[in-house]
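Q: This is the structure I have questions about; it appears just below.
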RNA sequence: GGUCGGAUGGCCGAGAGGCUAGGCACGGGUCUGCAAAACCCUCUACAGCGGUUCGAAUCCGCUUCCGACCUCCA
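Numbering (the working numbering), first residue to last: 818 to 1307.
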């Protein structure tokens, strides 16, 4: 099997993936902040990294997949100031902060399940790792890269920069950050607590309005946003681990700060491969509340949104996302979604056609060659569009065989079935969403099809068409083929 | 203002010096009582202007337009 090559944001090049300790692979993905229902954009990361996860398992690696839940520390206006998002929501709705975090965590999990995303090995919560975060902050202070100021603790970016590359991951130059054109208007409370404007908070002293608060050596307060990922990834994956993933929008300041904190704390680069996926756009622009183009996952699946012409299934969304490369932006549109819906249907349909094929004596295709081609697509920086193109070539071949214009021997047929199972279902994680029929339903369908067949033979077309139409109305499609009638549930 | 990325056929989207995506839509055909499905055929594009090259969508330069990040963000 050839090597997986993946684009590393830090080194800015495609690199061959080599785990630190073969065959173990540690992956950390930045999960959601649970203060609202997930929207369309939240689906991309889990889907992309799920394919990575599944493909690594396919390649024989033992993967520990960690995806966190941020349930503290994110602030409304600014990384260092303002109200905690979760605490704010709590006051508005008069609920316990943890109740809200739980509610939206469940909502997020429902999305993952609908999208057939494999569960994480560990799903740590920031609120459950306050001790680890405080510990890490202590170490960073001891090593001289952070200082306390009025009960809060800040990371000393200038000091860190003397011997380290702050800004390398996100391609930022410290001087530009300091100049910060466009940032002049920012008037931040507590900015005077910092030695330097670029310093970021590791611990914040809580004002009386903060409901979520924990004791610490410096004050009763709460951890800064970035420290949770550093503390949790270190706890479960070690000082240096294989892969860290997330959205491109997290590059700065979040991931940049993570590197700084972890490096300052442990003396090691925390991550070997940084993988970032791009954003989903609507009419060429990122989804944002101010543009009123945000579509929640629920709205998407129900079709209940002014930008949606109809409801789309989770698998349609997944397939739509997988038809584009993860590093490019992906523009949402109804026509594109509907194209994906039909394409997916064709792909899944061919999988069933495959089960009806009878092997012949000779073979017009070689399953081993196909396998190599499909793997090559994913090895090339997880190029799912190419993989899918290859699968559609397969669809054409399967259909041609089914139509009797090509043949396949039993050995290749068995391999082909396995190939289809592996790539379509196991790696891409697609599944058939139509209801599976019980034996009884199957029996009823057989009776109906037989009755209709009789009607057709008697040229009683009004009756046969009525049967077909009525079934269609309840979502069952009849298709008359050469070898009899088949049906699909819509 | 700074940094980084884009501009591909009707739409979505790969590719990345000579071959060629793929899906959907459109048009024609085979099959069929009709329909659907399936299959076959057709549709040959790379923002503009220069340059490098035997050859450029792909490399270089300039221009125009678009986006992301710089603040919470998947």
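Each residue gets a CB set at the ideal place from its N, CA and C atoms; glycine is no exception.
#1: Can you say whether residue 1221 is buried or exposed, counting buried as having 16 or more other CB atoms within 10 angstroms of its CB?
#2: Can you tell me where the beta strand (DSSP E) with residue 1035 in it begins and where it stops?
#3: With distances taken between CB atoms, is the gap from residue 1213 to residue 1139 smaller than 8 Å?
#4: Any contact between the segment 936-943 and the segment 975-985? By contact I mean 3 or more CB pairs, one from each, below 8 Å.
#5: Between the C-alpha atoms of residue 868 and residue 966, what's the straight-line distance to the nearest angstrom?
#6: Which residues in the same chain as residue 1073 place their Cβ atom closer than 6 Å to its Cβ, once the five residues preceding and following it in sequence are excluded?
#7: Straight-line CA distance for residue 1289 to residue 1207?
#8: DSSP state of residue 1182, grouped into three classes?
#9: Could you tell me whether the Cβ atoms of residue 837 and residue 1170 are closer together than 8 Å?
#10: I believe residue 1134 touches residue 1151 by the beta-carbon criterion, under 8 Å. Please report the beta-carbon distance rounded to the nearest angstrom.
#11: Output the distance between the C-alpha atoms of residue 1168 and residue 1247, rounded to the nearest integer angstrom.
#12: With DSSP as the reference, please indicate the residues paired to residue 943 in a beta bridge.
#13: For residue 1188 and residue 1236, which I take to be in contact (beta-carbon distance under 8 Å), what is that distance rounded to the nearest angstrom?
#14: DSSP has residue 1102 in a bridge; who is on the other side?
#15: Who does residue 834 pair with in a DSSP beta bridge?
#16: Three-state secondary structure (DSSP) at residue 912?
#17: Take the Cβ of residue 1310 as the centre, count every other Cβ of all protein chains shown within 10 Å, and call the residue buried at 16 or more, exposed below.
#18: Is the beta carbon of residue 820 closer than 8 Å to that of residue 841?
#19: By the three-class DSSP mapping on this structure, what secondary structure does residue 1143 have?
#20: Tell whether a beta-carbon distance below 8 Å holds between residue 1043 and residue 1010.
#21: Check whether the segment 958-974 touches the segment 1018-1035, counting contact only when three or more Cβ pairs, one atom from each stretch, lie closer than 8 Å.
A: Let me spell this out:
#1: Exposed: under 16 other Cβ atoms inside 10 Å.
#2: No residue range can be given for residue 1035, since it is assigned to no beta strand (DSSP E) and is classified by DSSP as neither H nor E.
#3: Not a contact, by the Cβ cut-off of 8 Å.
#4: Cβ pair count under 8 Å is below three, so no.
#5: Each residue's Cα considered, the two are about 44 Å apart.
#6: In its chain, beyond the 5 residues on either side, 986, 987 have a beta carbon closer than 6 Å to the beta carbon of residue 1073.
#7: Spanning the two alpha carbons is a distance of roughly 32 Å.
#8: In the structure shown, residue 1182 falls within a coil segment according to DSSP collapsed to helix, strand and coil.
#9: No, the pair does not count as a contact, with Cβ atoms beyond the cut-off.
#10: Under the criterion of beta carbons closer than 8 Å, residue 1134 and residue 1151 do not qualify as touching, at roughly 13 Å.
#11: A straight-line Cα-Cα distance of about 11 Å links residue 1168 and residue 1247.
#12: According to DSSP, residue pairing for residue 943 in a beta bridge does not occur.
#13: Going by Cβ atoms, the distance from residue 1188 to residue 1236 rounds to 6 Å, so yes, they are a contact pair.
#14: Residue 1102 has 1099 as its beta-bridge partners, per DSSP.
#15: For residue 834, which the question treats as bridged, DSSP gives no partner whatsoever.
#16: In the three-state scheme derived from DSSP, where H, G and I count as helix and E and B as strand, residue 912 is classed as coil.
#17: With the chain covering 818 to 1307 only, the question about residue 1310 has no answer from this structure.
#18: No; because the gap between Cβ atoms is not below 8 Å, this pair is not in contact.
#19: DSSP places residue 1143 outside both helix and strand once states are collapsed to three, so it counts as coil.
#20: No.
#21: Contact between the segment 958-974 and the segment 1018-1035 is present, with at least three C-beta pairs closer than 8 Å.
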